[in-house]
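*Asks:*
2 protein chains.
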Amino acid sequence: MAPIRPGSNMTAIASALGVSAATVSNALSGKGRVSPELGAKIRAKAEELGYVPSVTARALRTGRSRVIGLVLPDIANPLFPQIAQAIENAAADAGYGVLIADSRGDSSMQTLAIQRLVERQVDGIVIVPRLGTRIADLGCPVAVIDSPSTPGNTVSSDHWQGGQVVADHLVGLGHRNFVLIGANPLSNVQNDRIGGMKSRLPKGARFETIWIEKLEALAGAGCSLGLKQKVELGFTAFAATSDLHALRALTELQQSGIRIPQQASVTGFDDLVWSSVVSPGLTTVRQDMAAIAEIAVGALVGVIGDDAAEPDAATITVGVTAVAKTDRVPMTLVARQTTASVSSPQFSPASPALEGNDP
Amino acid sequence: MAPIRPGSNMTAIASALGVSAATVSNALSGKGRVSPELGAKIRAKAEELGYVPSVTARALRTGRSRVIGLVLPDIANPLFPQIAQAIENAAADAGYGVLIADSRGDSSMQTLAIQRLVERQVDGIVIVPRLGTRIADLGCPVAVIDSPSTPGNTVSSDHWQGGQVVADHLVGLGHRNFVLIGANPLSNVQNDRIGGMKSRLPKGARFETIWIEKLEALAGAGCSLGLKQKVELGFTAFAATSDLHALRALTELQQSGIRIPQQASVTGFDDLVWSSVVSPGLTTVRQDMAAIAEIAVGALVGVIGDDAAEPDAATITVGVTAVAKTDRVPMTLVARQTTASVSSPQFSPASPALEGNDP
DNA sequence: GCGCTCTGATTAATCGTTTAATCAGAAAAG
DNA sequence: CTTTTCTGATTAAACGATTAATCAGAGCGC
């Protein structure tokens, strides 16, 4: 019934000053023709009355809600905090709000979640798709954050380059025997990361790839990755495609009595929150989420603004991904304590290892 | 300019059937008086034209946006995914959208973030406050998720009971020497958890409390917690108030060569995503986020609905926390492999420990 | 003094829905 | 046969902003 809005509306300001509402609108938006003096008076009065424009009314009239949607395959993803924070900040800076949608872990519900956002009339959507999901035509601008290898236009970290950075770091420390750890070979992100790593392994280097989901399909969830044997076989570097898997590897190795980083080095990806608290601190590679979010949101508001300016172009941009080209944001190494130069290439159970390899 | 809305509006349906827009509205909402046949015809036509109501227009008219805001002290909080997902699900079920706000880690910006939400005319706000922050009068319904010890009305897990569950578990395994690990003694949540644990320690039990932030203020961030010495002093149970700290403790102990769980047991709180992937799997206590979210959102929509029904009550409920009483949702133990019965109460460096304590 | 332009403001329509008020007609009551 | 009471619909007025169209008056040239 009575909409509870403490602040006054334009009409209140208008009648308080004996002018018309249109003039108030013009003064506050700076669009029409208003004399400087009156403009100042209006702004002062607005301030005084604590005027807050009704986004609802504005949205109805202009057709723009100034809200964008954020869709992740499943919110429980440990990278979610980083992404959400970056997107929210970028959006807030651009004057947009962020509405979240969750597909409740179910990939088929992703479409439904997106549908809900569209019904709420968001001006655009940022999507982090589930594995290789293709994004259907939504009837609204979309920016996709995934991997440069994903078909279609996307913004993302340069996961391939990130892989190279890790490999360079490990190779530089003298490692020649690598175990690469991924979860699912269907993930473009993981493939890029592994591909990047492989591309920088020197001639004569030995490597082996472990896909956790394949292994678990055989040996059951939470099974051992058999890393102790790998160490016994002479592998010294364990490079995972995510901090989550790196953590698993790190603890499994520690649990088997392998000393990190003296006997083996471990690396991850993404610099998730716990990476700095584990002991020893996990060496990882960080995504520049702020930059990614800025590009994604920027592209989105660009398209949104554009089709307001050129109504004819609307039919072209609408339903099309907002990012014209594929943007690759470089990743940066965060060297902590799980990596060290390889002291003894061969396995030696009680080697009095090297200390203090802090970068 | 031209708002791009593919679906038709009420007027389209109305004129297609030669009736008035009001009748369409009545038919679809089931409120006014419409003959059953015409009602069916209207609903059919709406379906046919792919009609989607304009939430904007509806919001303008009714004064309800059907959106609630979600505010967390900082989104980077590892618990955020769980909370956001639960709130989003509960809200979606109630027909509400969720707008997120981030205070960018800065406690003073919490108010600003909330301000932004209010300006976007959310119908209510769910807040997880930063430490002991008091929530100011917002002019809109609020539900707070924190600790039952927080002054004011809140919904939350029964952290005290959660502490008891952990303590009972450890005591049941024979532990008598406890190290309790928290971050900040100002946190009601952490205090409750520790209080609950203490309340169940048997007579003659020994315990010591470590506050990480205090320690780091002296010894620097990422410093050792000195847990190896604690083990040497005969402590066998390390109970942290968060999985984050438990992880730190676990890896520090493993790093010092202590075998988990043979020589020491470790427990955490919250069942964060990585708790199940570390080796050995972390014993922890899970919050029933779905239940909490349902209560919080339910209370919120209750107040929102109420003051629509009784306009007079609006002045009472507005600006007041939505939850009338303090709701405490029980926590449940998730026993994994970091806890085991204490084999040797005294420290014995190379005890041939107990195996296979899987619950 | 008449027409012209330019400025600074107002009017009024519009976005799409909700809802109180009204109304025409049929059925029931007197 | 008139009056009253329903029923099923329509009208019109909001909600609060934006914006194209209009208008009154001032200034100015000729």
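The listed protein sequences derive, respectively, from chains A and B. Position one of the first sequence corresponds to residue 1 (this note's numbering), numbered consecutively onward. Position one of the second sequence corresponds to residue 360 (this note's numbering), numbered consecutively onward. In this text, a Cβ means the ideal position worked out from N, Cα and C, and glycines have one as well.
Please report the straight-line C-alpha distance between B/Asp602 and B/Asn436, rounded to a whole angstrom.
*Replies:* 12 Å
*Asks:* Tell me which residues of the stretch 597-613 of chain B have at least one Cβ-Cβ distance to chain A shorter than 7 Å, keeping chain order.
*Replies:* So the list reads Leu603, Leu606, Arg607, Thr610, Glu611, Gln613, given in the order they occur along the chain.
*Asks:* Against chain A, which members of the stretch 437-466 of chain B pass a CB distance test of less than 8 Å?
*Replies:* Pro437, Phe439, Pro440, Gln441, Ala443, Gln444, Glu447, Asn448, Ala451, Gly456, Val457, Leu458, Ile459, Ala460, Asp461, Arg463
*Asks:* Express the C-alpha separation of B/Thr421 and A/Ser15 in angstroms, rounding to a whole number.
*Replies:* In a straight line, the C-alpha of A/Ser15 is about 24 Å away from that of B/Thr421.
*Asks:* Are three or more beta carbon pairs between the stretch 99-118 of chain A and the stretch 155-169 of chain A nearer than 8 Å?
*Replies:* The stretch 99-118 of chain A makes no contact with the stretch 155-169 of chain A, as fewer than three CB pairs between them are under 8 Å.
*Asks:* Could you round the C-beta distance between A/Arg206 and A/Arg176 to whole angstroms and report it? I think they count as a contact, below 8 Å.
*Replies:* 7 Å
*Asks:* DSSP three-state call for B/Leu490: helix, strand or coil?
*Replies:* DSSP places B/Leu490 in coil when its eight states are reduced to three.
*Asks:* Interface residues of chain A around B/Thr415 at Cβ under 8 Å?
*Replies:* Thr56, Ala59, Leu60, Ser65, Gln121
*Asks:* Cβ of A/Val55 within 8 Å of Cβ of A/Ile42?
*Replies:* Not in contact: A/Val55 and A/Ile42 (Cβ atoms no closer than 8 Å).
*Asks:* Identify the continuous beta strand (DSSP E) that holds A/Leu272 and give its terminal residues.
*Replies:* For A/Leu272, no beta strand (DSSP E) encloses it, and the DSSP letter there is neither H nor E.
*Asks:* Could you check the C-alpha separation between A/Leu253 and B/Leu539 for me, to the nearest Å?
*Replies:* About 26 Å.
*Asks:* Quick one: Cα of B/Asn550 to Cα of B/Gln588, how far?
*Replies:* 25 Å
*Asks:* If you measure between the beta carbons of B/Val426 and B/Val481, is that distance less than 8 Å?
*Replies:* Between B/Val426 and B/Val481, the CB-CB gap stays under 8 Å.
*Asks:* Kindly indicate which three-state DSSP category B/Ala578 falls into: helix, strand or coil?
*Replies:* helix
*Asks:* Going along chain A, which residues have a C-beta under 7 Å from B/Val411?
*Replies:* Glu119
*Asks:* Return helix, strand or coil for A/Ser265, following the three-state DSSP convention.
*Replies:* strand
*Asks:* Specify the secondary structure class of A/Val342 as computed by DSSP and reduced to three states.
*Replies:* Note: A/Val342 maps to coil in three-state DSSP.
*Asks:* Drop a sphere of 10 angstroms on the beta-carbon of B/Ala361, count the other beta-carbons inside from all chains shown, and report buried for 16 or more, exposed for fewer.
*Replies:* The predicted position of B/Ala361 is uncertain, since its pLDDT is 40 and thus under 50; no value can be drawn from it.
*Asks:* Using only alpha-carbon positions, find the residue among B/Gly377, B/Ala650, B/Val530 that is nearest to B/Thr595.
*Replies:* B/Val530
*Asks:* Output, in sequence order along the chain, the residues in the stretch 261-295 of chain A whose CB is closer than 9 Å to any CB in chain B.
*Replies:* Leu272, Val273, Trp274, Ser276, Val277, Val278, Ser279, Pro280, Gly281
*Asks:* If the cut is a Cβ gap below 8 Å, which residues of chain A does B/Gly581 touch?
*Replies:* Listed along chain A are Ser276, Val277, Gly281, each with a C-beta nearer than 8 Å to that of B/Gly581.
*Asks:* Does the beta-carbon of B/Cys582 have 16 or more other beta-carbons within 10 angstroms, so that it is buried, or is it exposed?
*Replies:* Burial call: exposed.
*Asks:* Determine the chain A residues that contact B/Ala380 at a beta-carbon separation under 7 Å, and present them in chain order.
*Replies:* Near B/Ala380 there are no residues of chain A at all, since even the closest Cβ is about 16 Å away, more than 7 Å.
*Asks:* Closest Cβ-Cβ distance between A/Glu355 and chain B: below 8 Å?
*Replies:* Confidence at A/Glu355 is low in this model, with a pLDDT of 39, below 50, so its placement is unreliable and no value can be given for it.
*Asks:* Tell whether a beta-carbon distance below 8 Å holds between A/Ile145 and A/Ala296.
*Replies:* For A/Ile145 and A/Ala296, yes; Cβs fall inside 8 Å.
*Asks:* Among B/Glu406, B/Ser394, B/Leu438, B/Pro395, which one has its Cα closest to the Cα of B/Met369?
*Replies:* Cα-wise, what sits closest to B/Met369 is B/Glu406.
*Asks:* Could you list which residues in chain B have their beta carbon closer than 9 Å to that of A/Arg328, in chain order?
*Replies:* Against A/Arg328, chain B offers no close residue; the least beta-carbon distance is about 24 Å (beta-carbon pairs closer than 9 Å).
*Asks:* Taking DSSP as the reference, what is the three-state secondary structure of B/Gly678?
*Replies:* Low confidence applies here, because B/Gly678 scores a pLDDT of 45, under 50, leaving its location unreliable and the question unanswered by this model.
*Asks:* Can you tell me which of the three DSSP states B/Glu565 falls into?
*Replies:* According to the sequence displayed, residue 565 of chain B carries Arg and not Glu. Here B/Arg565 sits in strand by DSSP.
*Asks:* My parser needs the beta strand (DSSP E) runs of 3 or more residues fully inside the stretch 38-83 of chain A; what are they?
*Replies:* At a cut-off of 3 residues, the continuous stretches assigned as beta strand (DSSP E) that sit fully inside the stretch 38-83 of chain A are 67-72.
*Asks:* Less than 8 Å between the beta carbons of A/Pro81 and B/Pro440, yes or no?
*Replies:* yes
*Asks:* Taking DSSP's pairing of strands, which residues face B/Asn536 in a bridge?
*Replies:* B/Arg565
*Asks:* For A/Ala293 and A/Pro148, I'd like the C-alpha separation in whole angstroms.
*Replies:* 15 Å
*Asks:* Answer with buried or exposed for B/Glu572, where buried requires no fewer than 16 other C-beta atoms within 10 angstroms of its C-beta.
*Replies:* exposed
*Asks:* In angstroms, rounded to a whole number, what distance separates the CA positions of A/Asp312 and A/Gly139?
*Replies:* Per-residue confidence for A/Asp312 stands at a pLDDT of 38, beneath the threshold of 50, marking its modelled position as unreliable; the derived number appears in the next sentence. C-alpha separation (whole angstroms): 15 Å.
*Asks:* Compute the Euclidean distance between the alpha carbons of B/Val378 and B/Lys390, then round it to the nearest angstrom.
*Replies:* 17 Å
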